[in-house]
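Here is the structure we will look at.
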Amino acid sequence: MASVAHQRKAALEKQPMADCVRVMCDVARESDAPILADLITLEERMWGQLVDHSRAERLHIKPEDYGTQMISPVALSELGGMLKRRAWQSDAHTPDNKMQLDLEDADGICENLVTLRAHMLVRHQFGSDIDWHLRLFDDVESTVSLNAMPFIRNLVSAFQTTGDDKYAETAARILRSWYAQCPLPNHWHIQGPWRTLEVGNRQANMWPSAVATMGGHEAFDENLHAMLAHSRLDHIRYAMAFCGGANNWYQVECSGLAVATLFSPELMLADTYLRVAMRRLRWINSFAYYDDGFQFELTHGYHVFPTSSLFSVVQAAKVREVELPEDFTSLVERAHEMYLFAAQPNHILPTFNDCNPNPMDPAALLGAAAEAFDRNDFRWGASRGDEGTAPDHCSHAWDDAGLYVMRNQWGEDGQHLFFDGAPWGASHQHDDKLNFALYSHGRLLIGDPNIYSYAATELTHYFKSARAHNVVMVDGMGQMRRFDDEAKLKTKGENTWVSEDAFDFVGSEYCEAWGENRFGAEEQPELVESIVHRRAMFYVKGEYWILCDRILGEDSESHTFEQLFHPAPIFDLEGDVAMRAGEIETDGGRIVTRDEGMGNLSILPVDTEGLEITAKKGETSPAAGWYGLMGEFPAWEVSCTREGTYPNRMDAVLWPMAEGQTEHPSVERLYADERVTAFEIKGKGIHDIFFLCEEGCSEVAVDDVVFSGRLGVVRRGGDEVEAFGIAIKKVMVGEKEIR
Numbered sequence: 211m212a213s214v215a216h217q218r219k220a221a222l223e224k225q226p227m228a229d230c231v232r233v234m235c236d237v238a239r240e241s242d243a244p245i246l247a248d249l250i251t252l253e254e255r256m257w258g259q260l261v262d263h264s265r266a267e268r269l270h271i272k273p274e275d276y277g278t279q280m281i282s283p284v285a286l287s288e289l290g291g292m293l294k295r296r297a298w299q300s301d302a303h304t305p306d307n308k309m310q311l312d313l314e315d316a317d318g319i320c321e322n323l324v325t326l327r328a329h330m331l332v333r334h335q336f337g338s339d340i341d342w343h344l345r346l347f348d349d350v351e352s353t354v355s356l357n358a359m360p361f362i363r364n365l366v367s368a369f370q371t372t373g374d375d376k377y378a379e380t381a382a383r384i385l386r387s388w389y390a391q392c393p394l395p396n397h398w399h400i401q402g403p404w405r406t407l408e409v410g411n412r413q414a415n416m417w418p419s420a421v422a423t424m425g426g427h428e429a430f431d432e433n434l435h436a437m438l439a440h441s442r443l444d445h446i447r448y449a450m451a452f453c454g455g456a457n458n459w460y461q462v463e464c465s466g467l468a469v470a471t472l473f474s475p476e477l478m479l480a481d482t483y484l485r486v487a488m489r490r491l492r493w494i495n496s497f498a499y500y501d502d503g504f505q506f507e508l509t510h511g512y513h514v515f516p517t518s519s520l521f522s523v524v525q526a527a528k529v530r531e532v533e534l535p536e537d538f539t540s541l542v543e544r545a546h547e548m549y550l551f552a553a554q555p556n557h558i559l560p561t562f563n564d565c566n567p568n569p570m571d572p573a574a575l576l577g578a579a580a581e582a583f584d585r586n587d588f589r590w591g592a593s594r595g596d597e598g599t600a601p602d603h604c605s606h607a608w609d610d611a612g613l614y615v616m617r618n619q620w621g622e623d624g625q626h627l628f629f630d631g632a633p634w635g636a637s638h639q640h641d642d643k644l645n646f647a648l649y650s651h652g653r654l655l656i657g658d659p660n661i662y663s664y665a666a667t668e669l670t671h672y673f674k675s676a677r678a679h680n681v682v683m684v685d686g687m688g689q690m691r692r693f694d695d696e697a698k699l700k701t702k703g704e705n706t707w708v709s710e711d712a713f714d715f716v717g718s719e720y721c722e723a724w725g726e727n728r729f730g731a732e733e734q735p736e737l738v739e740s741i742v743h744r745r746a747m748f749y750v751k752g753e754y755w756i757l758c759d760r761i762l763g764e765d766s767e768s769h770t771f772e773q774l775f776h777p778a779p780i781f782d783l784e785g786d787v788a789m790r791a792g793e794i795e796t797d798g799g800r801i802v803t804r805d806e807g808m809g810n811l812s813i814l815p816v817d818t819e820g821l822e823i824t825a826k827k828g829e830t831s832p833a834a835g836w837y838g839l840m841g842e843f844p845a846w847e848v849s850c851t852r853e854g855t856y857p858n859r860m861d862a863v864l865w866p867m868a869e870g871q872t873e874h875p876s877v878e879r880l881y882a883d884e885r886v887t888a889f890e891i892k893g894k895g896i897h898d899i900f901f902l903c904e905e906g907c908s909e910v911a912v913d914d915v916v917f918s919g920r921l922g923v924v925r926r927g928g929d930e931v932e933a934f935g936i937a938i939k940k941v942m943v944g945e946k947e948i949r
């Protein structure tokens, strides 16, 4: 109640909230029970009357009073020794620290040179001590990154790898510094060291590995173990009193409450604290994950964050031999499948919606999950195929979430496409439905530019907009779901997914609001809801993709249709420049990347008459052509633009090329109307005719080919003519019936 009232700024017009605050305070008075100090202050604010504060709860328990909270009290002087001797703590690792190893960075931490990675990637040199209240660039994420303390995990990993005492000594010094500078407040913190998300994050994901790995080191002496116990109790009592919103915050906060409690079995109320934490987790998880296991913010990065936190609960319960509810552990297992099926062949997760500006390889997460859940496919993914068993299918659908992966094979030589047909998401959203990312021949070829910072800059605005994604725009208008609360958890339109041995097909549509999205606009733009964008993608496995866009409207006037592509930049994390845009050609009615020594891509529009292709990178006012990984880097944004009327088709062939290959096929339009598209793909070693028809279409005849069905490819390049597709009723080539 206090958290919500603070979030709503104790607004007097929120009468139901004011009534709830008054009722809670009245009940506490009548029961002569202690009550949260914030609630009394809120009552005074919202009802305009000073009241008695003598029953105000003090969250902090003094170190000398810690024994009053214990089942079997011990003297303060004996507490640290008792805690240090607990053998089970050394097994309570969280897997995330294995993803963090950076010895240069760890050495910097030892000198108070701290890397901040929460939606930024910068370093700051502190003096003799770290200022835990620092706020760089007026960006709250700098304070967030400091107080989440992810660098603790890097110190853990560095200590595990080298055995160097300095890493344990630095971790101990940092923990003492934070405790000394950040006493437990008696009120809700919207920002700062006691922001509720960091409260949960520290306890779920950061401190457990330090205790597990370094807890026996002399730097982690008895006094430090006692201090950590005091601080865990502070975190528990704060998390019991306050919370953030019903999103990944609540999941992480409750996970931190559970883990801190599991690390504190000496407390009299440990069972109660754990019961509350698990009850809260059951509530939030009942809608924070789709039934298929994808987290409802629909971003790979913000799927990892709460899922890792929940897994920390599983790990802590395992070492404590505490049984957790079966539905909880099953959900956590199912959520880990995203790491396996979404990862690109280079083992990196895609970056749809908001993700951190660091490429993420989830191998360590899969490895820990393989042991926890005895999953051989997780073991295979964690070891990159050296152990375990490959998954029993390559392409994968999260039908409930509306997310899809096309893949021809497992292994680093595979092709991969991630497609978004999902709702807007609970938070961390971008205007990007129907977006996709394409990987082939050892590199990402079409990507999602991600986001770098949450600062209110032109580039942050760009990264969230439709223009920064592989979608279409009409008359300068893009997707605009942010003004529709209903779009967060569900989306209009239908998704279609078909996966066969030879091909994959996905179809989806955007039927929601469109509008101009200008940086700095003070008013809501005029929204248009009469435009529908239907996108279909067909994958001939191991070869190429076909992209079919159909834009529908209600008038007969001329409009400007724009199809956007974002050729992925080239990563070189060891080079002088971490990311470079690469080379592209846009003449001749096609888009071709021309990067030597690696795979490339040809984007071949079917209808080139009247089509204008432009490429931009690194532009501002307005922003165009940027990527938000490892920083904010110029990268190509390519626009295919034409004037026309509704309905309008924009079809293209996406043709990956192996290293050294420069040729691509030609594409020729054979037929198109409001319900049918047909074209020919012809070149060295290929001669395919593609048909895509709406339901209920009659036969389509082009040249000597007659087709009836939903979708089909007639392949003429080999010794025998063959046909494959969806719901094929008839294929005739000349006088010969093929299907």
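FYI, the working numbering numbers position 266 of the sequence shown as 476, with every residue one higher than the one before it.
For glycine and all other residues, C-beta sits at the position ideal for the given N, C-alpha and C.
Practice item. Identify every residue that forms a DSSP beta bridge with Ser165. Key: With the chain represented from 211 up to 949, any question about residue 165 goes unanswered, as that position is not in the structure.
Exercise for review: Just the C-alpha distance for Met570 and Glu878, rounded to the nearest angstrom, thanks.
Suggested key: 40 angstroms
**Study point:** Between the CA atoms of Pro735 and Pro857 - distance to the nearest angstrom
**Key:** 24 angstroms
Review point. Quick one, are the C-beta atoms of Trp398 and Ala243 less than 7 angstroms apart?
Key: no
Practice item. With Met616 as the anchor, note down where its alpha helix (DSSP H) starts and where it stops. Key: Careful: Met616 lies outside any alpha helix (DSSP H), inside the beta strand (DSSP E) at Leu613 to Arg617.
Exercise for review: Would you decide whether Asn586 is buried or exposed? Buried here means 16 or more other CB atoms lie within 10 Å of its CB.
Suggested key: exposed
Exercise for review: Please find out if some non-hydrogen atom of the ligand COA comes closer than 6 angstroms to the beta-carbon of Glu869.
Suggested key: The ligand COA is absent from the structure shown, which contains no ligands of any kind.
Review point. Is it a yes or a no for the segment 833-847 touching the segment 894-901, going by three-plus beta-carbon pairs under 8 angstroms?
Key: no
**Study point:** Euclidean distance between Cα positions of Ala678 and Asp630
**Key:** 14 angstroms
Review point. Which residues does DSSP pair with Asn357 in a beta bridge?
Key: None, per the DSSP bridge assignment.
Review point. Of the choices Ser441, Phe452, Glu379 and Glu432, whose alpha-carbon is the least far from that of Ile400?
Key: Phe452
Review point. In the segment 274-319, which residue ranges form an unbroken beta strand (DSSP E) of at least 3 residues, counting only runs that do not cross its ends?
Key: none
Review point. Under the DSSP definition of a beta bridge, which residues are partnered with Leu762?
Key: Val742
Practice item. Thinking Thr561 and Asp658 are a contact (beta carbons under 8 angstroms), I'd like their distance in whole angstroms, please. Key: 5 angstroms
**Study point:** Endpoints, the beta strand (DSSP E) within which Ile936 is located
**Key:** Glu932 to Ile936
**Study point:** Cβ separation of Asp898 and Arg925, assumed to be a contact under 8 angstroms, to the nearest whole Å
**Key:** 5 angstroms
**Study point:** Counterpart residues of Gln773 in DSSP-defined beta bridges
**Key:** Val682 and Cys850
Point to revise | First through last residue of the alpha helix (DSSP H) which encompasses Leu385 | key: Asp375 to Gln391
Exercise for review: Taking all protein chains shown into account, decide if Leu222 is buried (16 or more other Cβ within 10 angstroms of its Cβ) or exposed.
Suggested key: exposed
Check your understanding: Leaving out five residues before and five after Gly503 in sequence, what residues of the same chain have Cβ atoms less than 6 angstroms from its Cβ?
Key -> Arg544, Ala545 and Glu547
Check your understanding: DSSP state of Asp694, grouped into three classes?
Key -> coil
**Study point:** Extent of the continuous alpha helix (DSSP H) run through Tyr672
**Key:** Glu668 to Lys674
Check your understanding: Would you report the Cα separation of Glu726 and Asp861, rounded to the nearest angstrom?
Key -> 24 angstroms
**Study point:** Under the three-state DSSP convention, the category Cys453 falls into
**Key:** coil
Check your understanding: Is it a yes or a no for the segment 822-831 touching the segment 637-647, going by three-plus beta-carbon pairs under 8 angstroms?
Key -> no
**Study point:** Phe715 - partner residues in DSSP beta bridges
**Key:** Val708 and Phe748
Practice item. Inspect the CB distances between the segment 273-288 and the segment 475-482 and report whether three or more fall short of 8 angstroms. Key: yes
Check your understanding: Apart from the five residues just before and just after Phe506, which ones in its own chain have a Cβ nearer than 6 angstroms to its Cβ?
Key -> Ala498 and Ala636
Check your understanding: Which one of Leu252, Val214, Leu655 and Arg617 has the shortest CA to CA distance from Ser812?
Key -> Leu655
Point to revise | Coarse secondary structure for Trp836, derived from DSSP in three states | key: strand
Point to revise | Minimum C-alpha distance to Gly763 - residue among Gly752, Arg744, His640 and Met690 | key: Arg744
Practice item. Evaluate the contact criterion for the segment 849-856 versus the segment 870-884: three or more CB pairs, one atom per stretch, below 8 angstroms. Key: no
Practice item. Determine the direct distance from the alpha carbon of Ala607 to that of Val950, and round the result to whole angstroms. Key: Past the boundaries of the shown model lies residue 950; the chain is included only from 211 to 949, so the question cannot be answered.
**Study point:** Proximity below 7 angstroms, CB of Ala414 to CB of Ser540
**Key:** no
Check your understanding: Cα-Cα, which of Asp714, Val941 and Cys903 is closest to Cys604?
Key -> Asp714
Point to revise | Span separating the alpha-carbon of Leu864 from that of Asp596 | key: 32 angstroms
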